[in-house]
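S.K.: Provided herewith is a single structure, encoded as structure tokens, for subsequent inquiry.
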Amino acid sequence: MSRPMENAYQFIKEKILDGSYKPSQKLTENELSEVIGVSRNTIKKALLKLEQENLVEIEKNKGAFIKAYTLEEMMNYLEIREVLEGLVARTATKNIRDVELNKLEEILEQMDVSLKQNQFDEYSNLNKEFHRIMYQASKNQQAVKILNVIRTQLSRYHFRTILIPGRNQSSFQEHKKIFEALKTYDEELAQEAVMDHIANVRTTIKENFSLLL
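Residue numbers are given in the working numbering: position 100 of the sequence shown equals residue 100, and the series is strictly consecutive.
Quick look at the structure:
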């Protein structure tokens, strides 16, 4: 991949994942070319790569659009994530080190501050880092690869769930429960806490789906 194409690809992908580009939004080659400072042909190649990753849909004679999911598709993704991440939490409990526990505790403190200051972008980033460390501790690379694919597909919706009234505090309390289970090396409790967390995310999305579009 050439440097200009890599820059275009990363720029567009980041905008999709952080929610700057909304599901079903049309992407215009001319506009992207001007904003990023590369040729239209380079933009076209970057969009084709993003289509391969299921982040963009390209329709003949219509153009490129941000991939949108139906409620059923999102529920299916989250059901898979609930089971698989529960397994990852269980194995993480067996392998987690003090340095990782200390980092998780530090992240929780930062999450608390970000919520009190209404810094929801920061909270979302800390949330991702919390899960990344737990994944790392599990040492199950195959499960983590699948989870990362799912999280990438759903990340464009994730930030909006935090904005739903009451969800941010619930999310924070759920992460505290996960941490306590990991800290006490309780495999069953860790699995249960993570599965409850994802189930609550699923319920929130189901009840507020129209707000996420």
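Don't be surprised by glycine CBs; every beta carbon is placed ideally from N, CA and C.
So what's V201 in DSSP terms, helix, strand or just coil?
M.R.: To locate residue 201, count along the sequence shown from 1; it is residue 201. Reduced to three states, the DSSP call for V201 is helix.
S.K.: According to DSSP, which residues form a beta bridge with L27?
M.R.: Within the sequence shown, numbered from 1, the residue matching residue 27 stands at position 27. DSSP lists A64 as partners of L27.
S.K.: Just verifying my parser: in three-state terms, what is the DSSP assignment at I146?
M.R.: Position 146 of the sequence shown, counted from the first residue, corresponds to residue 146. Correct three-state label for I146: helix.
S.K.: Within a Cβ cutoff of 8 angstroms, which residues of the same chain sit near Q169, ignoring the five residues on either side of it in sequence?
M.R.: Looking up residue 169 in the sequence shown gives position 169. Within the same chain, Q169 has close Cβ partners L115.
S.K.: Going straight from the alpha carbon of T214 to that of N7, what length do you get?
M.R.: Given that the chain is displayed from residue 1 to residue 213, the structure contains no residue 214 and the question cannot be resolved.
S.K.: Measure from the alpha carbon of E73 to the alpha carbon of each residue in N54, F159, K177, then state which is nearest.
M.R.: For the purposes of this step, residue 73 is identified with residue 73 of the sequence shown, where counting begins at 1. Measuring from the Cα of E73, the nearest candidate turns out to be N54.
S.K.: Under three-state DSSP, which class holds I133?
M.R.: What you label residue 133 is simply residue 133 of the sequence shown in a count that begins at 1. DSSP places I133 in helix when its eight states are reduced to three.
S.K.: Check whether the Cβ atoms of I133 and K103 lie closer than 8 angstroms to each other.
M.R.: The residue labelled residue 133 in the question sits at position 133 within the sequence shown. The residue labelled residue 103 in the question sits at position 103 within the sequence shown. Result yes, Cβ atoms of I133 and K103 sit closer than 8 angstroms.
S.K.: Inspect the CB distances between the stretch 147-165 and the stretch 15-22 and report whether three or more fall short of 8 angstroms.
M.R.: Output reads yes: the stretch 15-22 touches the stretch 147-165.
S.K.: Kindly indicate which residue of A199, L211, I43 has the alpha-carbon position closest to the one of E29.
M.R.: Position 29 of the sequence shown holds residue 29. Closest by alpha carbon: I43.
S.K.: Taking the straight line between their C-alpha atoms, what separation do you get for V243 and L32?
M.R.: In the structure displayed, the chain extends from 1 to 213; residue 243 sits before or after that span and is not available.
S.K.: Residues in its own chain within less than 6 angstroms of K49 by CB, not counting five upstream and five downstream?
M.R.: In the sequence shown, the residue the question calls residue 49 occupies position 49. Excluding sequence neighbours, K49 sits near Y9.
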